[in-house]
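Working notes for the structure below.
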Amino acid sequence: MDKNQSLKLLVVDDEPGIVDFTEKIYARRGFVTFGATDGIAAVEIFQKERPEISLIDIHMPYSLIDGIETLRRIKQINPNACCIMITRITDNEAVRQAKALGALRYVTKPLELADLDKVIEEAKEKVQNG
Amino acid sequence: MANPLKEEAKLYKQIKDENIKVPFEVWDLMYHRIGDALTAINLSCEYYLLINQDMPIDQAKRIENYTRLIKLVTDKITMKSSQNDPNFPEFKINPDLHPAILEMFMHYIPNDMNCINLIIGDTIDPIDPHPVSVEKIKRILNSARSSKAFMDRLREATSQTVKF
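Those protein sequence lines, which keep their order, are chains C and P. Everything in the first sequence is counted per my numbering, starting at 1 for the first residue and increasing by one. Everything in the second sequence is counted per my numbering, starting at 1001 for the first residue and increasing by one.
This is how it looks when you write it as structure tokens:
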């Protein structure tokens, strides 16, 4: 049995292609994955499924709420939620806010799979080690 | 993948010596629009390589759309498209890039996108559409990585790094 199998991963990005393939890749690695292309849907999924790890894009102009507000609402549901933020290198203020809200880590676009693997592995260790 | 410019080392030296910068608005537009599209191209290629299967024609068409958007952004930055473009409402300034920066912008990303489009164009050819082979997916991924590497190199050369 794959040791990732029991972990749930929520992917939030307003670019459907990013959500789709991130889900597919990590599903193959044993995660149970969920995807949302807007923050409201992401919070609903979080409330219902309680994923151990959430990967949230900060800048989502096509979402009703941005990534910071999504993070804030997720942290209200579970203050210990393990959230990784995806950002632009130019989003200094948003990064500061995310850090203040308790985000675990930040990665910047353009992303490669190796970038994601690194932060998700770190999050997984944090979840598994408490 | 775009070949390195012959005078690349000289251009980077000039950027460093003259402390040439890229306007914040240009970086912001690039990392917003190009960042999303390059990420989507990277992850879709990585997925089909992971499962070791050809990329379906529909997905190849989506990649073509991403490259079209990236080309629009680079055209905007290099002033090939008009100001007050409704596609880029957030981009209201005249970037006025230094010629050394402009030369790089006009070379790397457009050539990488052309490489991808040549591969995709063959695949989605209406006369004989066919999936993208694993070998060709690797070439698409290399071109997308080349554009990202260019953005990283230029950001480093202009000392415009952000630390979290």
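Note that beta-carbon positions come from the ideal geometry of N, C-alpha and C, so glycine has one too. These numbers come from a predicted model, not from an experiment.
For residue i: DSSP bridge partner residues
i, result
"C/S54", "C/L10, C/C83"
"C/F34", "C/L10"
"C/R105", "C/I84"
"P/M1055", "P/V1132"
Under 9 Å by beta carbon: chain P residues contacting residue i
i, result
"C/K126", "Near C/K126 there are no residues of chain P at all, since even the closest Cβ is about 17 Å away, more than 9 Å."
CB contact check: residue i to chain C, cutoff 9 Å
i, result
"P/L1040", "It is worth fixing the name first, because residue 1040 of chain P is Ala in this sequence and not Leu. Yes, P/A1040 counts as interfacial toward chain C."
"P/S1133", "no"
"P/Q1053", "no"
"P/Y1108", "no"
"P/L1097", "no"
"P/F1024", "yes"
"P/S1143", "no"
"P/R1153", "no"
"P/S1146", "no"
"P/D1112", "no"
Closer than 7 Å at the beta carbon, the chain C residues around residue i
i, result
"P/H1032", "H59, R88"
"P/R1021", "Inspection of the sequence shows that residue 1021 of chain P is occupied by Lys rather than by Arg. None at all; the shortest Cβ gap to chain C is about 13 Å."
"P/L1050", "I25, R28"
"P/G1035", "R88, K109, P110"
Chain-ordered neighbours of residue i on chain C, where CB pairs are closer than 9 Å
i, result
"P/L1043", "G17, I18, D20, F21, T22, K24, I25, L111, E112, L113, L116"
Closer than 9 Å to chain P by CB, residue i
i, result
"C/R28", "yes"
"C/L10", "no"
Residues that residue i contacts on chain C, provided the C-beta gap is smaller than 8 Å
i, result
"P/E1046", "F21, I25, E112, L113"
"P/D1028", "R88, T90"
Heavy atom of the ligand MN within 8 Å of residue i beta-carbon
i, result
"C/H59", "Within the structure as shown, the ligand MN is missing, as the structure has no ligands at all."
- Task: Return the chain-ordered ranges of every alpha helix (DSSP H) run that is complete within the segment 1113–1143 of chain P and spans a minimum of 4 residues.
- Result: none
- Query: Mind listing which residues of the segment 93–110 of chain C have their C-beta closer than 7 Å to chain P's C-betas, in chain order?
  - Reply: V95, Y106, K109, P110
- Query: If you measure beta-carbon to beta-carbon, which residues of the segment 1053–1076 of chain P are closer than 8 Å to chain C?
  - Reply: R1062, Y1066
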